[in-house]
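Take a look at the structure below.
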Amino acid sequence: IAIDRENSGVYKRIAKFPVLEVVGNYIQRFYVKVRPIQRVKKSFYIKVIPIDKAGNPASNYKGKIKFICSDPKGIISPSVHCFKERQGDFVSVEGKLFTPGIHTITVIDEEKGFIGRSNPILISNSSYEHYNLFFGDIHGHNVHCDGRGTIDEYYRWARDVRFLDFCALTNHIEGAKRFPVENFWNTVKIKAAEYNDPGHFVTFLAFEWGSWELFGDKCVYYLSEDEDYFPANEERSNTPEKLWNLLRGKSALTIAHHTKYGGKTDWNFQDDELQPLAEIYSVWGSSETGSEHSIQKAWEKGHRLGVIASSDTHTGTPGNEGEGLAAVWAHDLTRESLFEAFRQRRCYGTTGARIIMDFRLNNCMMGESLNLKNNKSRKISIFVAGTAPIEKIEVLKNNRVAYVHPGYGSVENFDWIDNSVKELLSWGGEFYYVRVVQVDGEMAWSSPIWIF
Numbered sequence: 017i018a019i020d021r022e023n024s025g026v027y028k029r030i031a032k033f034p035v036l037e038v039v040g041n042y043i044q045r046f047y048v049k050v051r052p053i054q055r056v057k058k059s060f061y062i063k064v065i066p067i068d069k070a071g072n073p074a075s076n077y078k079g080k081i082k083f084i085c086s087d088p089k090g091i092i093s094p095s096v097h098c099f100k101e102r103q104g105d106f107v108s109v110e111g112k113l114f115t116p117g118i119h120t121i122t123v124i125d126e127e128k129g130f131i132g133r134s135n136p137i138l139i140s141n142s143s144y145e146h147y148n149l150f151f152g153d154i155h156g157h158n159v160h161c162d163g164r165g166t167i168d169e170y171y172r173w174a175r176d177v178r179f180l181d182f183c184a185l186t187n188h189i190e191g192a193k194r195f196p197v198e199n200f201w202n203t204v205k206i207k208a209a210e211y212n213d214p215g216h217f218v219t220f221l222a223f224e225w226g227s228w229e230l231f232g233d234k235c236v237y238y239l240s241e242d243e244d245y246f247p248a249n250e251e252r253s254n255t256p257e258k259l260w261n262l263l264r265g266k267s268a269l270t271i272a273h274h275t276k277y278g279g280k281t282d283w284n285f286q287d288d289e290l291q292p293l294a295e296i297y298s299v300w301g302s303s304e305t306g307s308e309h310s311i312q313k314a315w316e317k318g319h320r321l322g323v324i325a326s327s328d329t330h331t332g333t334p335g336n337e338g339e340g341l342a343a344v345w346a347h348d349l350t351r352e353s354l355f356e357a358f359r360q361r362r363c364y365g366t367t368g369a370r371i372i373m374d375f376r377l378n379n380c381m382m383g384e385s386l387n388l389k390n391n392k393s394r395k396i397s398i399f400v401a402g403t404a405p406i407e408k409i410e411v412l413k414n415n416r417v418a419y420v421h422p423g424y425g426s427v428e429n430f431d432w433i434d435n436s437v438k439e440l441l442s443w444g445g446e447f448y449y450v451r452v453v454q455v456d457g458e459m460a461w462s463s464p465i466w467i468f
């Protein structure tokens, strides 16, 4: 860097290279997160970080916070915590609840007036004894392609700022990298292994296969940490079929993303085994409806696709509010359990809010297929706990709204019996899915349940 201090036209190099420190603004509120499914009398962790208006870790906050639980019998230890004036600090304290149902935990600095409230917490009954609900963001980029930030910054933001349960870095591999491919892929593998911590924070080895002009983009995910990448601009892997053939026999899957936006998905190419999911929401917006590339069109073609959401962040900050989250009903927080849930389509997507949604048809969970040849009754059971009051919950049958349940609060639990005549569809079996709309505009979409 050279400076012309006197406006003389002569520039002189500065003696010492400057360091520009970029920090968050002043605190606006507390970001409070808890794993959404908890057991009666079992300990869990409450994570809190002060954030600014844009959602960054706040600067220069120093104060005393108090925890208030909606369960009058709940125990939080310690019930008071003092933040020191350090950028990026978060606190994790232990909680225990005793009353079944939905609860929240509020964090407040009574002296300075700052406040934050947790996502809804379900103190579960026997219906959930085999599953937990986890939230993650598995589509994002960093400085190694067309994004920002290091891999360490990417994973630490996901783990320590947004408190995600799982995450994946899905950089482009068709030539947009800023250092050689070999080093790029080795670094990605090493970092995915380094940050994977079963039970606490799970990562996946992944990349983005980008066929922008022809077939649409998709992300590839591996269960193992010792796998290869397959670019869309190489002869061996330049079509979806070639890609899937290279992945066949491996513990791998693909997810189509931003399907109706740039790099639109061609649904004439689909493998329900290797591509069990599509991204219904990201920073691009919703791909549910609206064109031949929408996810509804894929369902009309008979494809059995579940849905998730993720951000497609290019700022190196996965899990930001309003950019999309994947919600997964899994047995535990491990790669193996999450992968099994992906394959079974036992998942849903939200616009970023940690909405709890359980959707069942005759007690089959979202993502499943159900044989109803004997014309058995169709009982739709829905439980939703929102992060704000719920405007409406829609049950869609074969892409059309079949029932609307108006919201009366932030928690809704109801059954609906579909007694309508079975429809004759040109694309095969019937299916149902659920769309949730909150009064604040946040939304959630379930994976379908199919009938054959």
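Under our numbering, the residues of the sequence shown are numbered 17 to 468, in order. Glycine included, C-beta positions come from ideal geometry on N, C-alpha and C.
> Candidates F33, F150, F179 and G111: which alpha carbon is nearest D105's?
Replying inline: Residue F179 is the option with its Cα nearest to D105.
> Can you tell me whether G25 is buried or exposed, with buried defined as 16 or more other CB within 10 angstroms of its CB?
Replying inline: Its Cβ having fewer than 16 others within 10 Å, G25 is exposed.
> Within this structure, are the beta carbons of E407 and Q454 separated by less than 8 angstroms?
Replying inline: Yes, these two residues count as a Cβ contact at 8 angstroms.
> What residue range is occupied by the uninterrupted alpha helix (DSSP H) comprising A314?
Replying inline: Judged by DSSP secondary structure, A314 falls within the alpha helix (DSSP H) whose first and last residues are I311 to E316.
> DSSP state of Y77, grouped into three classes?
Replying inline: Y77: coil per DSSP, three-state reduction.
>> Contact between the region 214-225 and the region 348-358 is defined here as three or more beta-carbon pairs at a separation below 8 angstroms; is this criterion met?
In response: Yes, the region 214-225 is in contact with the region 348-358.
>> Can you give me the C-alpha to C-alpha distance between D207 and E169, rounded to a whole angstrom?
In response: Rather than Asp, the amino acid found at residue 207 in this sequence is Lys. Rounded to the nearest whole angstrom, the C-alpha separation of K207 and E169 is 11 angstroms.
>> Quick check: what's the CA-CA separation for V96 versus F83?
In response: Rounded to whole angstroms, V96 to F83 spans 6 angstroms at the Cα level.
> In angstroms, rounded to a whole number, what distance separates the CA positions of K438 and W466?
Replying inline: Distance between the alpha carbons of K438 and W466 is about 13 angstroms.
>> According to DSSP, simplified to helix, strand and coil, what is E210?
In response: Note: E210 maps to helix in three-state DSSP.
>> Report the CB separation of I137 from V48 in whole angstroms; it is logged as a contact under 8 angstroms.
In response: Not a contact, Cβ separation roughly 11 angstroms.
> CB K276 to CB H330, shorter than 8 angstroms?
Replying inline: Cβ distance not < 8 angstroms, so K276 and H330 don't count as in contact.
>> According to DSSP, is R51 part of a helix, a strand, or is it coil?
In response: Here R51 sits in coil by DSSP.
> Given that a residue counts as buried once 16 or more other Cβ atoms are within 10 Å of its Cβ, and exposed if not, what is N158?
Replying inline: It counts as buried.
>> Suppose only complete runs of 3+ residues qualify. What are the beta strand (DSSP E) ranges in the region 347-432, listed by chain order?
In response: Counting only runs of 3 or more, we get 363-366, 372-377, 394-401, 406-413 and 416-422.
> For F130, which of A184, G163, D68 and Y171 has the nearest alpha-carbon?
Replying inline: Considering only alpha carbons, the answer is D68.
> Alpha carbon to alpha carbon, how far is I371 from K80?
Replying inline: Cα to Cα, the separation comes out at about 29 angstroms.
> Where DSSP assigns a beta bridge to T219, which residues make up the other side?
Replying inline: DSSP, once it has assigned bridges, lists C183 as partnering T219.
> Can you tell me where the beta strand (DSSP E) with I271 in it begins and where it stops?
Replying inline: I271 -> beta strand (DSSP E) spans A268 to A272.
>> Does the region 359-378 come into contact with the region 386-402, if we say contact requires no fewer than three beta-carbon pairs (one atom in each stretch) closer than 8 angstroms?
In response: Three or more pairs of CB atoms, one per stretch, sit closer than 8 angstroms, so the region 359-378 contacts the region 386-402.
> When the Cα atoms are used, what is the spatial distance from V323 to N212?
Replying inline: Answer to the nearest angstrom: the Cα atoms are 24 angstroms apart.
> Looking only at DSSP bridge pairs, what is T122 linked to?
Replying inline: Per DSSP, I84 and R133.
> Going straight from the alpha carbon of F15 to that of E126, what length do you get?
Replying inline: As shown, the chain starts at 17 and ends at 468. That puts residue 15 outside it, with no answer to give.
> Mind checking whether Q286 and A314 have CB atoms under 8 angstroms apart?
Replying inline: Yes, these two residues count as a Cβ contact at 8 angstroms.
> Should C85 be labelled buried (16 or more other beta-carbon atoms within 10 Å of its own) or exposed?
Replying inline: Buried.
> Who does A325 pair with in a DSSP beta bridge?
Replying inline: DSSP output for A325 lists Y297 as bridge partner(s).
> Quick one: what does DSSP say R175 is sitting in, helix, strand or coil?
Replying inline: DSSP places R175 in helix when its eight states are reduced to three.
> Under a Cβ-count criterion, where at least 16 other Cβ atoms within 10 Å of its own Cβ denotes burial, should S307 be classed as buried or exposed?
Replying inline: It counts as exposed.
>> Quick check on DSSP: helix, strand or coil for I43?
In response: In this structure, I43 counts as coil in the three-state DSSP scheme.
> Buried or exposed: which applies to I227, given that a residue is buried once 16 or more other Cβ atoms fall within 10 Å of its Cβ?
Replying inline: According to the sequence shown, residue 227 is Ser rather than Ile. The residue is buried, with at least 16 neighbouring Cβ atoms inside 10 Å.
> Distance, Cα to Cα, V56 vs C183?
Replying inline: V56 and C183 have their alpha carbons spaced roughly 28 angstroms apart.
> Any heavy atom of the ligand MG within a distance shorter than 7 angstroms of the CB on W260?
Replying inline: Among the components of this structure there are no ligands whatsoever, and the ligand MG is therefore not found.
>> Using only the alpha-carbon positions, how far apart do D87 and G332 sit?
In response: Spanning the two alpha carbons is a distance of roughly 37 angstroms.
> How big is the Cα-Cα spacing for A174 and V64?
Replying inline: Going by the C-alpha atoms only, they are around 14 angstroms apart.
> When DSSP builds the beta bridges, which residues end up paired with I167?
Replying inline: Per DSSP, none; premise fails for I167.
>> Helix, strand or coil, according to DSSP, for W225 in the structure here?
In response: It is a strand residue.
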